[in-house]
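Going by my numbering, the final residue of the sequence shown carries number 439, and the count climbs one at a time with no gaps. All C-beta atoms in this analysis are idealised placements derived from N, C-alpha and C, irrespective of residue type, glycine included.
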Amino acid sequence: MSHELFDSAVWEKAWKEDPYTGVNKMKRAGIDPAHSFDSSAKSFDKEVFSEEGRQRARRIMNWLEDQGVEFSGSSVLDIGAASGGFSVPFAERGADVTAVETSLPLVELLQQNSSALVNGTVKVVHEPFENIDLEAKGWERAFDLVFVSMCPVLVDWASVERVLSCARAFCYMSLAVGFREHSLVDEIWPLVTDRPRKTEHLEMIYLTQLLLLKGYSYQSLVTREVKTTTLSKEAAFHDTIKWLNMHGLTVDERVRGIVSRHLDNHYPTDEVPLRQGGSFGKVLVRLQDENMYSREDRG
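This is how it looks when you write it as structure tokens:
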């Protein structure tokens, strides 16, 4: 068996240099990952706080509780909190939440959504997590649970260590796994190119492999999740163009025309249903077990 499989430095380098991670694909398409939801903040918020969205949050929270996480009376750092899809229910179960979010439209919605809480608290920090001085903030080993769900903060192992450094008990991280479904891209892809869409493995394997090699204790879970939202025709057009760009297609006037005609021909009203989903990996790291190992032991 190849010794490279057990060399953490090899995996760290591979993750750092991988041009096909989610964040790198967004940057290549001209999208700022920290502000990718600015223009769709209201529709995103509506979906997150729909019954379907709340059910997804409850499933993840119930899984966390099954692993020993307690919310009542706990301190939680929610990195990439968006409009509060997890921060608010964390607080509703009695947690004191520090919610970090970069996007101003999402921050405003987060403040609205958390304004009427009767249990727990939500303190909003409108600042990129990467720019925060953790020592000056007093955030090192300060939170019972650090929670990072599908957030572009996780870009390499160094970013994972920075996130882990804020947790004293548990750290939850989630990343995409495998092929991503986007119903409009699926419809339009064969109209604009004859090349097949590549299978996407994404970066979950880097995270789990490095946690394993470095001696962390963790539980992991992979689920398939699909959601349906309704967009205006204009929003659907721009979202589809964005995803085609991320998949490496050259989006010229020909492609734009094909997308526009497809929407006009197949969606006569201004409401376009969009089905998105895929497989998502979830990892819960147990930091209270760290006293069993020294960092030197992990290599």
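Looking at C-alpha atoms only, which residue of E205, G260 and S419 is the closest neighbour of I345? Within the sequence shown, the letter at position 205 stands for residue 345. When only C-alpha atoms are compared, the closest one is S419.
Going by DSSP, what residue range makes up the beta strand (DSSP E) through I219? Position 79 of the sequence shown, counted from the first residue, corresponds to residue 219. Here the beta strand (DSSP E) through I219 covers S215 to I219.
Option nearest E321 by Cα separation, candidates G278, T368, A149 and A154: Residue numbering aside, residue 321 sits at position 181 when the sequence shown is read from its first letter. With distances taken between Cα atoms, E321 lies closest to T368.
Report the CB separation of E241 from L257 in whole angstroms; it is logged as a contact under 8 Å. By 1-based counting over the sequence shown, the position of residue 241 is 101. By 1-based counting over the sequence shown, the position of residue 257 is 117. Taking the Cβ atoms as the reference, E241 lies roughly 17 Å from L257, outside the contact range of under 8 Å.
First and last residue of the uninterrupted beta strand (DSSP E) at G418: By 1-based counting over the sequence shown, the position of residue 418 is 278. Taken as a continuous stretch (DSSP letters only), the beta strand (DSSP E) holding G418 covers E411 to R426.
For S400, collect the residues of the same chain with a Cβ closer than 8 Å to its Cβ; drop the 5 residues on either side in sequence, then sort them by chain order. Reading the sequence shown from its first residue, position 260 is the one you call residue 400. Here the set comprises F377.
What do you reckon, are the CB atoms on S190 and D284 nearer than 8 Å? The sequence position of residue 190 within the sequence shown is 50, counting from 1. The sequence position of residue 284 within the sequence shown is 144, counting from 1. Not in contact: S190 and D284 (Cβ atoms no closer than 8 Å).
Tell me, which residues are paired with T369 by DSSP? Position 229 of the sequence shown, counted from the start, is the residue given in the question as residue 369. L414.
Assign D437 to one of two classes, buried (16 or more other C-beta atoms within 10 Å of its C-beta) or exposed (fewer than that). Residue mapping note: residue 437 aligns to position 297 of the sequence shown, counting from 1. Below a pLDDT of 50, predicted positions are generally treated as unreliable, and D437, at 43, falls in that range; the measurement from the model is reported next regardless. Exposed, since its Cβ has fewer than 16 Cβ neighbours within 10 Å.
Would you say E411 lies against chain B (beta-carbon separation less than 8 Å)? The structure shown contains no chain B; it holds only a single protein chain.
If you compare alpha carbons, which of V362, E270 and F319 is closest to V295? Taking the sequence shown and counting its residues from 1, one reaches residue 295 at position 155. V295 has its Cα closest to that of E270, out of V362, E270 and F319.
Run through DSSP, which three-state label would H266 get? Stepping through the sequence shown from its first residue, residue 266 is reached at position 126. DSSP places H266 outside both helix and strand once states are collapsed to three, so it counts as coil.
Is Y358 helix, strand or coil by DSSP? Position 218 of the sequence shown, counting from 1, holds the residue named residue 358. DSSP places Y358 in strand when its eight states are reduced to three.
Nearest-angstrom Cβ-Cβ length linking G234 and G260, presumed shorter than 8 Å: Reading the sequence shown from its first residue, position 94 is the one you call residue 234. Reading the sequence shown from its first residue, position 120 is the one you call residue 260. So it is a contact: roughly 5 Å between Cβ atoms.
Proximity winner among T409, L350 and E374, relative to V425 (alpha-carbon distances): Taking the sequence shown and counting its residues from 1, the one referred to as residue 425 is at position 285. The option with the nearest alpha carbon to V425 is L350.
How would you call P336, buried or exposed, if buried means at least 16 neighbouring beta carbons within 10 angstroms? The sequence position of residue 336 within the sequence shown is 196, counting from 1. Counting Cβ neighbours within 10 Å, P336 comes out exposed, since fewer than 16 surround it.
Once DSSP output is grouped into helix, strand and coil, what is the label at M290? Locating residue 290 in the sequence shown gives position 150, counting from the first residue. Coil.
In chain order, what are the residue ranges of uninterrupted alpha helix (DSSP H) at least 4 long that sit wholly in the stretch 172-233? 181-188, 191-206 and 227-232
Let me know the secondary structure DSSP gives V237 once reduced to three states. Start at 1 with the first residue of the sequence shown, and residue 237 comes out as number 97. V237: strand per DSSP, three-state reduction.
Pair every Cβ in the stretch 262-269 with every Cβ in the stretch 312-321, then say whether three or more of these pairs are closer than 8 Å. no
Quick check on A169: does DSSP put it in helix, strand or coil? The count along the sequence shown starts at 1 and reaches residue 169 at position 29. DSSP places A169 in coil when its eight states are reduced to three.
In or out: A276 buried (at least 16 other Cβ within 10 Å) or exposed? Here residue 276 corresponds to residue number 136 of the sequence shown, with the count starting at 1. By the neighbour-count rule (16 or more Cβ atoms within 10 Å), A276 is not buried but exposed.
How close, in whole Å, do the beta carbons of G170 and S314 come, if the pair is a contact with beta carbons under 8 Å? Position 30 of the sequence shown, counted from the first residue, corresponds to residue 170. Position 174 of the sequence shown, counted from the first residue, corresponds to residue 314. Actually they are not in contact, since the Cβ atoms of G170 and S314 sit about 25 Å apart, beyond 8 Å.
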